[in-house]
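>
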Amino acid sequence: MMIGIDVGGTFTDVFLLDEATGRAEVAKVPTTRPDQSGGFLAGIGQLAPDLSSLSVVVHGTTAGTNALLERKGAKTGVIATEGLRDVLEMRRRDRPRTWGLRGDFQPVVPRDLRLEVPERTLADGTVRTPVDLDAVRAAARALLDQGCAAVAILFANAYANPENEARAAEAVRALWPNPHVSVSSEILPEIREFERFSTASLNAYLQPEVSGYLDRLKAALTGGGFGGEFLIVQSNGGVMDTATACRLPVRTALSGPAAGVIAAAHIATTAGFENVITGDMGGTSFDVALIAGGQPGLSPQTSIDFGMVVRTPMIEITTIGAGGGSIAWVDKSGLLNIGPESAGSTPGPVAYGQGNDRPSVTDANVVLGRIDPDAPIGGALDRLDVEGAARAIDIHVGEPLGLDTMQAAEAILRVANSRMAGALRLVSIERGFDPKRFAFMPFGGGGALHVGAMLAETGIARAIVPRYPGVTSAMGCVIADMRQDFVQTINAATAALDVDALRATMQAHVDDGMALLDAARSRFEAREAIFELDMAYLGQTHTVAVPLAVAVENGRVAPVTVPEIEAAFDAAYRATYGRLLDGGTRRVMNLRSAVTGRRPKFDLATLAPEGGTTAPKAHRQVHFGDSWHETAIYDRLTLPVGAEIPGPAILVQPDTTVLVDPGLVARVDHFGNTIVEPA
Amino acid sequence: MSIDGVTLAVLAGRMEQIADEMDATLFRAAFNPIIAEAHDASHGLYHAETGDTLVQGKSGLPIFVGVMSFAVKAVIDRCAEEGGPREGDTWIFNDAHLGGTHLSDMRLVRPYFRDGKLFCWLASVGHWHDVGGAVPGNYNPQATEAFQEAFILPPVRLIRGGEMQRDVVDILMRNTRLPASAQGDLNGQLGALDLGETRMDEVLDEYGAATVGAALDALSNRAETLMRAEIAALPDGRWEAEDFLDNDGISADPLPIRVALEIAGDRMTLDFAGTAPVTAGPVNIALPTAVATAYVAIKHVFPDMPANAGVMRPVDVRVPEGSLLAAEFPAPVGGYTETILRMIDVIFSAAAQAVPDRVVANAYGTINALSIAGRRANGTRWVMFSFYGGGHGGTPEGDGLNHGNAPISTATIPPLEILEAAYPVMFRQWALRPNSAGAGRHRGGLGAIYEIELLEERAEAFLFGERGAFAPKGVAGGGDGAMNHFDYETADGRATPPLVSKMTGIKLTRGQTVRLETPGGGGYGPASERPPEQVARDVALGYLTEAAADAAYGPAWRTAP
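Chains A and B supply the protein sequences, listed in that same order. According to the UniProt record's numbering, the residues represented by the first sequence are 1 to 679, in order. According to the UniProt record's numbering, the residues represented by the second sequence are 1 to 561, in order.
This is how it looks when you write it as structure tokens:
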């Protein structure tokens, strides 16, 4: 049996799959803080009391992200090139917000813990000043004396020649009392010193914290009889073993959300929709990701917070501040706004009765009858405080705008829906797609309440609601492949490109990646290596991604030629910009390789219901547009395959409510998904 | 017609998004990195009759938020000469005396018609890589006429009645050193306008022209209401501030920039009387740029104000005729960035006297355009051209940001590894500059030290900077930041420019360096109110030397806990 477990801010979600029988079970327990291992073990224990029955546990974690956001990493030092210790603090000369000129920045390593040593490598890889190892040792001892638990070694142009860094690393490791030594050329041998230094120093900052956390989990699992494999989801949507995670914790920065998108891609593709936009609606935000041709988009880097740049491939997720807890308010000019302030999950919406008295998006849904007040998903009440929510809406929205309660609640949703739809349009436009070609897949607890509005606002033809939208990230943990990404800056014109050296680097990436797959206990259905070059014309600083079709047979990378590379660049460039630059010098900036071991996918059809009933379990008045409608309420999980439910209807399951607006119809497909489209 | 508040809220979001999507379209399609990466571009919707800004994208450069409507007005005036705008036309021009900023900014303006009637204007501006002129990249510190800065295009029809005018495109492409880049940017800007038109069609189909028109009016009125409410909450009075540009790059005379800020009820006046007259060198700006700059400063003080013309209705910007803030064609305007930064500084200094709890101290106040150029051993020409950062001002809430970008821009600096890989230079230092922050309860942000060594046989450098003779000011009793300092190596030791912050033709040979020490930000509040333990922390971090700490804050920090 396999377990996928995603620890989020509020809930820890668990998905259990018995590969032998195809049985799947889900559970949701509260996340424990500050030590998340309590909720982790409680969640697993609920579905699998006997840990020895588990072959694999795959974990999506926010431990690293939280440590960064809350600045709870270890005391960390830096050893840097003479003259350059401030790069980390100077960033790329940006500012936190465009307007207002407010806010400053404290790097995770303060200036007195950033020491410089004589050494310098030039951009062409020439060592101009050999590293002074006595100075390196003295710096490392000074940092230890200061109480540093981790150290990052950050040398200029180490991407072009790692020799100085490697020698310094050897000297430091010889005297450093733990494995928490992060070296910029080991972690990210890519040009752009701020991004590389930031990634390496944040990695060092996380190493003690994340390895401690994973060690605790491992010990607890083992103590409970678990003898299987324990894997961690990375931000790129692939999994890695715990040894890799302890070495490269920075790669877990967006672990949980990435797993959700991986699951969404698999579910949607299986159901016949290769192009989907996912929308994960949580308490404070709406997270949108675009999946084209079954593949989620990857972005090369992200900022965890202002100035905290992590450069490692990540599933691209766009966030807007419109979640269930987002506050509705009327500004001085009489305009209705949603967010960015949010009541989150604590105190949460007014209806939770935990002390918030300003209306949120969830309160509007409650007042309009769309959420069942007698079966609350969040908060601590047995029955949601509908009257309190209505009062808050009256005071803060209805009265200032001259609207009655229902009009005001509808108004809140109209404005919130408009913003969410805007996010769907923008992620499509930014990647050059028309949103109308996509399906919409809501997940997380709240998204499925808004499917009708998203279809109406964007012209998207249909929505697909996965069977267990509340535990999508946990399911993604079970689905995710094992994947390692590699990068190496090349920086050469194609005419001067050393293709043998390029091939050797590709081979080294493949060897390292395959070795990690060999070391894993998982059985892989297939292994693949893909290569991509970042290329541009000389004089341009922004590159295009150029996929290279290079075969790997029996672990050997086939030869690649300059004409092939140039042709691939021309094709990719033309696709992006429509035309080529006649006579321009083509340049290879970086090689990117990804080595993936395909884990067996379980048959999603096993999630589909057997039998079931199309009889509504209740009826309720629900407000749509400007009137109340008698609305049938169905138990979603018992609807049989092929059931067609005309709107207005509400499909409920323990952690999700699917709203089927009048004029729409909901259909249960062969996998238990609900497809919502115009009747 | 009137419009209900909820429809208005929804339409406000839709309209803003149209402009944002136009931004995204160009950023994705633009060929040159100044647009694609530094986002030196902007898009919006403008009023049919007045050209006033109705909605503008959020991702473009701050200075464009105020300046775009002047580009539209220039086209409206031009159209009026022949009976008004015609459907199917798209206009193009870069003339900075008509459209503001500088000649590198290519402006495309298109009337948007609905049912045969002009509904509004769509416009796109983007900074092209090269538009001819005396120097590549169009930053010519010795220009005394616009003709030496770039090729000048007045408003002409790029598209006439739906037909692309090949003649115009040919003229444009023959007047740039980088035609492929220019063509790529032009295509991207046209794509953005096309997308804006499609999205406007969709919104108008859904809501009807009358409702959308009413919404746009209401949004401007709303912005005006918000702004009047903000101004009314300020005390009435008159506050003055004065600062200086070092010089115009041609003679050594300092150039005063003066402002009087007057608040009376819900109206504000910014009067720049007393500012220096038009000058020979390129630190002049055109009137549209001056008005737009006032808007940028106001939006920094009131960051929640919407980006439309309603905000400026209660604000009267008075720029004296003949001053360097209202330079007539063909006075050179290539260095406009330095002048508008100083305008923002004096507005902040005046506003800080009126409402000290709303205003931040002066930022570093210079773009510091530093260029090093030469030929490689194989004869090929290289030009490294970049802008450098400095400290932000201390704020009512906390210390200023170390090494930030200029208030008029959101552009980032290239990594030193990218520069070293592209050009024969090595950065010996890329560091924070100790003792550069203005002292204060909340000190300014630190400026930077960039020391660059030449790795080729010989090269020439030029610098176009400011704040070499006049420091960034503190507010509310805060101290000044350090001044800009530039020096370079010669056979006889290190030298500084005769005009402190501006110089051309600096000769360098292999192994020699130039060193730029940029200003820090001004401090906020009296230095005596800074807790000694924070001063001690600044000393421990090396932000301040012990001697400088004693001088600025007294000895109390030495015994701080």
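Glycine included, each C-beta is placed from N, C-alpha and C at the ideal position. Note that the structure is a prediction, hence the values are computed from the model and not measured.
1. Among B:Leu26, B:Leu8, B:Ile449, B:Glu145, which has the Cα closest to the Cα of leucine 84 of chain A?
2. Give the single residue among B:Ala280, B:Gly444, B:Ala363 whose Cα lies nearest to the Cα of aspartate 253 of chain B.
3. So, is the C-beta of valine 127 of chain A closer than 8 Å to a C-beta in chain B?
4. Helix or strand or just coil, what does DSSP make of serine 303 of chain A?
5. Please check the pair leucine 335 of chain A and leucine 8 of chain B, which I expect to be a contact at CB under 8 Å, by giving their CB distance rounded to whole angstroms.
6. Looking only at its chain, what residues have a beta carbon closer than 7 Å to the beta carbon of tryptophan 557 of chain B, apart from the 5 residues adjacent to it on each side?
7. Return no unless some Cβ of chain B is closer than 8 Å to the Cβ of glutamine 507 of chain A.
8. Which residue wins for smallest C-alpha separation from phenylalanine 387 of chain B, given the options B:Leu26, B:Ser2, B:Asp20, B:Ala38?
9. Taking any Cβ of chain B, which residues in the segment 551-577 of chain A have a Cβ under 9 Å from it, in chain order?
10. Using 8 Å as the threshold, is the segment 378-386 of chain B in touch with the segment 330-337 of chain B, meaning 3 or more CB pairs across them?
11. Cβ of lysine 299 of chain B less than 8 Å from any chain A Cβ?
12. Just reading off the alpha helix (DSSP H) that isoleucine 460 of chain A is part of, what are its end residues?
13. For the alpha helix (DSSP H) that serine 436 of chain B lies in, which residues bound it at each end?
14. Here's the rule I'm using: 16 or more other beta-carbon atoms within 10 Å means buried, otherwise exposed. How should alanine 210 of chain B be labelled?
15. Does chain A have any CB closer than 8 Å to the CB of alanine 36 of chain B?
16. With distance defined between alpha-carbon atoms, name the residue in B:Leu118, B:Ile347, B:Gln189, B:Leu287 nearest to proline 320 of chain B.
17. Taking its Cβ as the centre, do 16 or more other Cβ atoms sit within 10 Å of glycine 265 of chain B, making it buried, or is it exposed?
18. Against chain B, which members of the segment 324-336 of chain A pass a CB distance test of less than 9 Å?
19. Alpha carbon to alpha carbon, how far is isoleucine 315 of chain A from leucine 544 of chain B? Give it in angstroms, no decimals.
20. Which same chain residues, not among the five before or five after serine 53 of chain A, have their C-beta less than 7 Å away from its C-beta?
21. Could you tell me whether any Cβ in chain B is nearer than 8 Å to the Cβ of methionine 90 of chain A?
22. Here's the rule I'm using: 16 or more other beta-carbon atoms within 10 Å means buried, otherwise exposed. How should asparagine 554 of chain A be labelled?
23. Taking 8 Å as the CB-CB cut-off, is tryptophan 99 of chain A touching chain B?
24. Quick one: what does DSSP say tyrosine 364 of chain B is sitting in, helix, strand or coil?
25. Looking at the secondary structure, which residues open and close the beta strand (DSSP E) in which threonine 319 of chain A lies?
26. Can you tell me which of B:Arg443, B:Ala495, B:Pro497 puts its alpha carbon nearest to the alpha carbon of glycine 477 of chain B?
27. Quick one: which residues of the segment 117-136 of chain B get their C-beta closer than 7 Å to a C-beta of chain A? List them in chain order.
28. For isoleucine 490 of chain A, go through chain B and note every residue whose CB falls closer than 7 Å to its CB, in chain order.
29. Starting from histidine 542 of chain A, find everything on chain B with Cβ-Cβ shorter than 8 Å and list it in chain order.
30. How many whole angstroms separate the CB atoms of tyrosine 205 of chain A and threonine 489 of chain A, which I take to be in contact at a CB cut-off of 8 Å?
31. As an exercise, report each continuous beta strand (DSSP E) stretch of at least 3 residues that is fully enclosed by the UniProt domain "Acetophenone carboxylase-like C-terminal" (532-671) of chain A, in chain order.
32. Would phenylalanine 470 of chain B and phenylalanine 272 of chain B qualify as a contact pair, given that the criterion is a beta-carbon distance under 8 Å?
33. Mind checking if histidine 403 of chain B is an interface residue toward chain A, Cβ cutoff 8 Å exclusive?
34. Got a sec, what are the start and stop residues for the beta strand (DSSP E) asparagine 138 of chain B sits in?
35. Taking the C-alpha atoms as reference points, what is the distance between phenylalanine 524 of chain A and glutamine 207 of chain A?
36. Using 8 Å for Cβ pairs, my map puts aspartate 661 of chain A next to glycine 452 of chain A. What's the rounded Cβ distance?
With the given structure in hand:
1. B:Ile449
2. B:Ala280
3. no
4. strand
5. 7 Å
6. Pro532, Val535, Ala536, Val539, Ala549
7. no
8. B:Ala38
9. Thr576, Tyr577
10. no
11. yes
12. Counting along the chain, isoleucine 460 of chain A falls outside any alpha helix (DSSP H), and DSSP gives it neither H nor E.
13. Counting along the chain, serine 436 of chain B falls outside any alpha helix (DSSP H), and DSSP gives it neither H nor E.
14. exposed
15. yes
16. B:Leu287
17. exposed
18. Val330, Asp331, Lys332, Ser333, Gly334, Leu335, Leu336
19. 42 Å
20. Met1
21. yes
22. exposed
23. yes
24. coil
25. 318-320
26. B:Arg443
27. none
28. The contacting residues do not exist; isoleucine 490 of chain A stays about 11 Å from chain B at best.
29. Pro33, Ala36, Glu37
30. About 24 Å separates the two Cβ atoms, so there is no contact after all.
31. 544-548, 586-598, 618-624, 627-635, 644-646, 649-653, 656-660, 664-668
32. no
33. yes
34. Counting along the chain, asparagine 138 of chain B falls outside any beta strand (DSSP E), and DSSP gives it neither H nor E.
35. 29 Å
36. 3 Å
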